[in-house]
Structures are given as structure tokens and as C-alpha cells.
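Read in order, the letters of the sequence shown are residues 3 to 257 in my numbering. Ideal Cβ positions, reconstructed from N, Cα and C, are used throughout, including at glycine. Read the structure below first, then the notes.
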Amino acid sequence: MIKLAAFDVDGTLRDRDYLPESTRTALLKLKEQGIALALCTGRSEYEMQSLWKELAIDWAVTCNGSHIGHQGKTVYGNAFPNETIIGWLQEAKRLNHTLILYGSELMFTNKKDSEYFRQAQQEIGFMEPVLLQDNDEVPDIYQCIIFCEEQDEASYLQEYKNSYYIHRWRPWAVDINPNGMNKAVGLQKLLDHLDLDPSEVAAFGDGLNDLELIESVGTGIAMGNACEELKEKARFVTKPLHEDGIAYAVEKWIL
Numbered sequence: 003m004i005k006l007a008a009f010d011v012d013g014t015l016r017d018r019d020y021l022p023e024s025t026r027t028a029l030l031k032l033k034e035q036g037i038a039l040a041l042c043t044g045r046s047e048y049e050m051q052s053l054w055k056e057l058a059i060d061w062a063v064t065c066n067g068s069h070i071g072h073q074g075k076t077v078y079g080n081a082f083p084n085e086t087i088i089g090w091l092q093e094a095k096r097l098n099h100t101l102i103l104y105g106s107e108l109m110f111t112n113k114k115d116s117e118y119f120r121q122a123q124q125e126i127g128f129m130e131p132v133l134l135q136d137n138d139e140v141p142d143i144y145q146c147i148i149f150c151e152e153q154d155e156a157s158y159l160q161e162y163k164n165s166y167y168i169h170r171w172r173p174w175a176v177d178i179n180p181n182g183m184n185k186a187v188g189l190q191k192l193l194d195h196l197d198l199d200p201s202e203v204a205a206f207g208d209g210l211n212d213l214e215l216i217e218s219v220g221t222g223i224a225m226g227n228a229c230e231e232l233k234e235k236a237r238f239v240t241k242p243l244h245e246d247g248i249a250y251a252v253e254k255w256i257l
């Protein structure tokens with residue numbers, strides 16, 4: 003029996019500002035059946051606040067699993083060492099790269115009006131980050147986005163590459179999370195907190211950073227618009243987001 007349903011956001015629950023009405027109805031039906039809901043996203047808690055409020059979703063596993071919030075309050079967080087972020091900021095200044103840093107309450111950047119950031123903002127949407135000045139104190143950071151080509155990653159990762167979870171989502175943009183965190187690890191932290199077994203969980207996703215998530219639960223569901231690698235790992239493949247894929251899966255395989 004499913005007791006919790008976890009949803010990736012971009013490409014799964016919504017496409018930019020478009021969220022199907024059928025998805026809202028399906029989430030309401032799940033709640034009426036006593037099934038808990040959680041967002042499970044590479045986005046930050048800060049960016050997800052309006053969405054979990056709009057959909058009345060209490061739990062949010064954000065930053066690719068590095069942060070877990072309950073109604074916006076931190077329940078668990080695995081932050082980078084502060085000296086790591088300071089070093090990356092110095093390296094980005096040297097190489098003229100843009101960083102986006104996800105804290106628990108805000109997102110920060112070292113550089114405004116970056117060409118790559120604006121392109122990403124246009125393609126998938128980003129809220130405006132807060133500019134960090136050279137002498138500003140750096141808060142706890144749970145995920146870093148570096149706008150750089152793949153060959154430039156080594157300047158930041160050095161010999162510690164295997165210690166990070168790395169998800170390149172554009173040729174010029176990469177997510178980095180600490181200590182091998184990913185959505186499956188973050189979700190398991192939430193399941194431990196709620197005393198749930200992975201077999202009691204359904205998870206929905208569409209991207210490469212959902213691979214571990216889909217494999218880690220009893221009912222892993224790939225969207226019809228998902229990448230082929232994810233479809234191969236999923237237990238079920240539903241219809242695309244724009245064809246009421248969430249509602250179809252909820253009725254067919256959960257309710």
C-alpha cells in the first residue's frame with residue numbers, strides 16, 4: 003500500500019508556469035486517501051515555497067536530496083564545508099564563472115547578469131538570486147550550480163570528484179551536491195523520519211537526476227516525456243506531463 007508519493011517538479015509536476023488541472027485534482031485525491039505528498043527536486047527550498055503552499059504539500063526534498071524541509075522549516079540538511087564554498091567563489095572569480103548557491107532560505111550568486119544564467123532562466127525559470135559581495139559571510143550551502151563547460155569542472159572538484167553528486171543538465175551548467183547526496187538518499191532520510199519503508203512509496207520523475215530516486219522506491223514512475231534512461235529504470239511509464247500523465251498514473255497504479 004502506498005503511503006507517500008514523491009514528485010520531481012520540472013518536467014513532472016509542471017512545465018515552467020504550466021501545471022495541469024488534472025494534476026491538482028490527482029494530488030487532492032491522494033491526500034483524501036491519507037497518502038502523504040513530497041516534492042523531490044533539484045531546486046532549492048526557497049524556489050519551492052510558493053509551489054508547496056499552492057498545492058498544500060508539507061514535505062520538500064530539495065537540492066537533489068541535500069535539504070529536507072517541512073512547511074519551509076529545515077528538518078535535515080547536509081551542507082558543504084564553508085571553506086569549500088569560499089574556495090569555489092575564489093576560483094569562479096579567477097575564471098570569470100557564475101555560481102548559484104542554494105541556502106535553506108535564499109539562493110545566492112557571485113555575479114549578476116550572467117549570459118548562461120539568463121539563458122537557463124529563460125529556458126526553465128529561476129528566481130533572482132541575492133548577490134554575494136566579497137566580504138559577505140557565506141551561509142550554509144546545500145547545492146552549487148556552476149555555469150561552466152565540462153572541461154572546467156576539474157578546477158572546482160580536483161581530487162574530491164568522487165565525494166560529490168554531479169548532475170550536468172546543460173553543456174554549460176552542472177549541479178554539485180556534497181557527500182554523494184542525491185534524491186534517493188534525501189528521500190530515504192525523510193522515510194526514516196516518517197518511519198516508512200521504500201516499498202510504501204511511489205515516486206515520479208523525468209530526468210537523469212531522478213534515476214536513483216526511481217530505483218529506490220517500490221513504485222517508480224517515469225513520465226512519458228522522460229529521458230530514455232529513466233524509462234528503462236522505471237517500474238511504470240505514464241503519459242507525458244501535457245497529456246495528464248500524473249493523473250493517469252495516480253488512477254492506474256496508486257489508487
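Measure the C-alpha to C-alpha separation of residue 65 and residue 42 and round it to an integer number of angstroms.
-> Each residue's Cα considered, the two are about 9 Å apart.
With a 10 Å radius around its C-beta and 16 neighbouring C-beta atoms as the bar for buried, classify residue 107 as buried or exposed.
-> Taking every protein chain shown into account, the CB of residue 107 has fewer than 16 other CB atoms within 10 angstroms, so this residue is exposed.
Residues that DSSP places opposite residue 222 in a beta bridge = In the DSSP output, where bridge partners are listed per residue, residue 222 has 205.
From this set, 100, 126, 6, 86, which residue's C-alpha is nearest residue 161's C-alpha?
-> The residue among 100, 126, 6, 86 with its C-alpha nearest the C-alpha of residue 161 is 86.
Can you round the beta-carbon distance between residue 182 and residue 200 to whole angstroms, since I take them to be within the 8 Å contact cut?
-> Not really, about 18 Å apart at Cβ, beyond 8 Å.
In three-state DSSP terms, what is residue 199?
-> Shown here, residue 199 sits in coil according to DSSP, grouped into three states, outside any helix or strand.
Using the beta-carbon count (16 or more within 10 Å), is residue 46 buried or exposed?
-> Taking a 10 Å sphere around the C-beta of residue 46, we find 16 or more other C-beta atoms and assign the residue as buried.
Go to residue 101, then tell me how far its beta strand (DSSP E) extends in each direction, as first and last residue.
-> DSSP places residue 101 in the uninterrupted beta strand (DSSP E) bounded by 100–104.
What's the call for residue 1, buried or exposed, on a 16-neighbour Cβ count within 10 Å?
-> This structure does not reach residue 1, given that the chain is present from 3 up to 257, and the question cannot be answered.
In the DSSP assignment, find the unbroken alpha helix (DSSP H) run with residue 50 in it and report its ends.
-> Taken as a continuous stretch (DSSP letters only), the alpha helix (DSSP H) holding residue 50 covers 47–57.
Cα-Cα separation between residue 34 and residue 3, rounded to whole angstroms = Their Cα atoms are separated by approximately 15 Å.
Sort out for me which residues DSSP pairs residue 39 with in a bridge.
-> Under DSSP, residue 39 forms a beta bridge with 7.
First and last residue of the uninterrupted alpha helix (DSSP H) at residue 120 | Its alpha helix (DSSP H) spans residues 117–126.
With residue 127 and residue 18 assumed to form a contact (beta carbons below 8 Å), what rounded beta-carbon distance in angstroms separates them?
-> Right, the Cβ-Cβ distance comes to about 5 Å (below 8 Å), so this counts as a contact.
When the Cβ atoms of the region 173–188 are set against those of the region 145–154, are three or more pairs found closer than 8 Å?
-> These segments touch.
Simplified DSSP state of residue 18, which is helix, strand or coil | Three-state result, residue 18: coil.
Classification of residue 131 by the beta-carbon crowding that lies within 10 angstroms, buried from 16 upward = Buried.
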